[in-house]
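K.L.:
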Amino acid sequence: MIRVEHLYKSFDERPVLVDVSLEIRDGETLAIIGRSGSGKSVLMKHLIGLLKPDRGRVLVDGVDINAISYEELRRIRRQFGVLFQSGALFDSMNAFENVAFPLRTFTSLSEEEIRRRVQECLELVQLPDVGPKMPDELSGGMKKRVALARAIALEPRYIIYDEPTTGLDPETANAIDELIRDLNHRLNVTGIMVTHDMHSVLSVADRVAFLYQGRMHWVGTIEELHRSDDPTLLAFVKASEYQIGQPIPRSA
Ligand SMILES: Nc1ncnc2c1ncn2[C@@H]1O[C@H](COP(=O)(O)OP(=O)(O)O)[C@@H](O)[C@H]1O
Ligand SMILES: [Mg+2]
Numbered sequence: 007m008i009r010v011e012h013l014y015k016s017f018d019e020r021p022v023l024v025d026v027s028l029e030i031r032d033g034e035t036l037a038i039i040g041r042s043g044s045g046k047s048v049l050m051k052h053l054i055g056l057l058k059p060d061r062g063r064v065l066v067d068g069v070d071i072n073a074i075s076y077e078e079l080r081r082i083r084r085q086f087g088v089l090f091q092s093g094a095l096f097d098s099m100n101a102f103e104n105v106a107f108p109l110r111t112f113t114s115l116s117e118e119e120i121r122r123r124v125q126e127c128l129e130l131v132q133l134p135d136v137g138p139k140m141p142d143e144l145s146g147g148m149k150k151r152v153a154l155a156r157a158i159a160l161e162p163r164y165i166i167y168d169e170p171t172t173g174l175d176p177e178t179a180n181a182i183d184e185l186i187r188d189l190n191h192r193l194n195v196t197g198i199m200v201t202h203d204m205h206s207v208l209s210v211a212d213r214v215a216f217l218y219q220g221r222m223h224w225v226g227t228i229e230e231l232h233r234s235d236d237p238t239l240l241a242f243v244k245a246s247e248y249q250i251g252q253p254i255p256r257s258a
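Under my numbering, the residues of the sequence shown are numbered 7 to 258, in order.
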């Protein structure tokens, strides 16, 4: 379980997160939503200790990740698979080597074990044959999948997806949503999805946390979202071209 307690973060005296508290429960998929620039990625980076809070705490399984040694933090980080917003693969490595990278960096697996694990991960993202391909030979959706294979290579307990569908065409976005849903269930992980894509939220998330003007404005289940009459939340959802209660097709 992850607990964010009264988190404050400013950049150059400009507050980005103000008194943000949040609980991420084991096994759930939580979507962190909000407008572009609302602090979603900043919040996400606090979860893995890439940013330090000005005030407040982040507890991962009860451990305050800003009160431990770098070695201990590294051990905790190993439990996180992260699909970064840019999704960046290493351009100079083929797909196989990209997925093998965390295994070579963090484990002492043999070459044979690495080969097997990489193949397993590529199969999980439904790209069993792309190992030898270089990133520039892959479509946007395929790159995301390979990045996802890399994110799950170390069998994380938590997977963070930062804007997994941004910049993809609707069909590819749907396929990525489906894959995320499938992975979260099959791997029995806790998923944290950062997005402004409501379509993605509704098809993947169990609960939603809405950041607005630096504050955690609303937290609830998808069902509660459908029933909510919070005007700020509704305005956000509406702006995302989704009418509460009736899913509409994802627009291009
Ligand atoms: N390292 C940084 N230094 C200064 N400002 C930052 C930094 N990271 C993020 N910000 C600012 O914090 C705000 C929130 O950014 P971000 O979390 O990336 O938004 P989003 O919700 O789109 O992911 C933005 O105004 C951004 O410019
Ligand atoms: Mg972001």
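Think of the CB as a built atom: it goes at the ideal place given N, C-alpha and C, for glycine as much as any other residue.
1. Under 7 angstroms Cβ to Cβ from A157, same chain only, skipping five residues before and after it: list those, please.
2. What is the DSSP secondary structure of T111, reduced to helix, strand or coil?
3. Grab the span of the alpha helix (DSSP H) containing H205 for me, first residue to last.
4. Ignore the nearest five residues each way along the sequence and tell me which others in L115's own chain have a CB closer than 8 angstroms to its CB.
5. List the whole-angstrom C-beta distance separating P138 from F107, where the pair is believed to meet the contact cut-off of C-beta under 8 angstroms.
6. Let me know if H12 comes out buried or exposed under the rule of 16 or more other beta-carbons within 10 Å of its beta-carbon.
7. Where does A258 sit, in a helix, a strand or coil, going by DSSP?
8. Please name the residue in L208, I39, G173 and G68 whose C-alpha comes closest to that of D32.
9. Strictly by DSSP, which residues pair up with M222?
10. Name the DSSP beta bridge partners of A155, please?
11. The beta strand (DSSP E) that contains F17, what's its start and end?
12. Mind reading off the beta-carbon distance from I186 to V214? Whole number of angstroms is fine, and I expect it under 8 angstroms.
13. Which residue marks the beginning of the beta strand (DSSP E) containing A37, and which one marks its end?
14. Using alpha carbons as the reference points, say which of T35, D60 and I38 lies closest to E19.
15. Just the C-alpha distance for L53 and E143, rounded to the nearest angstrom, thanks.
16. Entirely within the segment 54 to 98 and at least 4 residues each: give me those alpha helix (DSSP H) ranges in chain order.
17. Sorted by chain position, which residues of the same chain lie with C-beta nearer than 6 angstroms to L154's C-beta, five sequence neighbours on each side aside?
18. Please work out which residues of its chain come closer than 6 angstroms, Cβ to Cβ, to R9, disregarding the five sequence neighbours upstream and downstream, and give them in chain order.
19. Using a Cβ-based criterion (distance less than 7 angstroms to any ligand heavy atom), does S246 qualify as near ligand 1?
20. Going by Cα to Cα distance, which pick from F112, V200, N100 and F242 is closest to K51?
21. Tell me the rounded alpha-carbon separation between R192 and E161.
22. Could you say which of I38, L189 and L79 lies nearest to L208 if we only look at CA atoms?
23. Do T172 and G268 have their beta-carbon atoms positioned less than 8 angstroms apart in this structure?
24. State the beta-bridge partners of P138 as determined by DSSP.
25. Go ahead and label P237 buried or exposed: buried means 16 or more other beta carbons lie within 10 angstroms of its beta carbon, across all protein chains shown.
P.N.:
According to the structure data:
1. Hits under 7 angstroms: G87, V88, L89 and I165.
2. helix
3. M204 to V210
4. L109 and R123
5. Actually they are not in contact, since the Cβ atoms of P138 and F107 sit about 16 angstroms apart, beyond 8 angstroms.
6. exposed
7. Low confidence applies here, because A258 scores a pLDDT of 48, under 50, leaving its location unreliable; read the following figure in that light. Correct three-state label for A258: coil.
8. G68
9. L217
10. A155 pairs with nothing; no bridge assigned.
11. I8 to F17
12. Not really, about 15 angstroms apart at Cβ, beyond 8 angstroms.
13. T35 to I39
14. With respect to the C-alpha of E19, the residue from T35, D60 and I38 having the closest C-alpha is D60.
15. 33 angstroms
16. 76 to 83
17. L89 and V131
18. The residues are E29 and L65.
19. no
20. V200
21. Distance from the CA atom of R192 to the CA atom of E161, rounded to whole angstroms, is 12 angstroms.
22. I38
23. What the structure shows of the chain is the stretch from 7 to 258, and residue 268 is not part of that stretch, so it cannot be assessed.
24. Under DSSP, P138 takes part in no beta bridge, so it has no partner.
25. exposed
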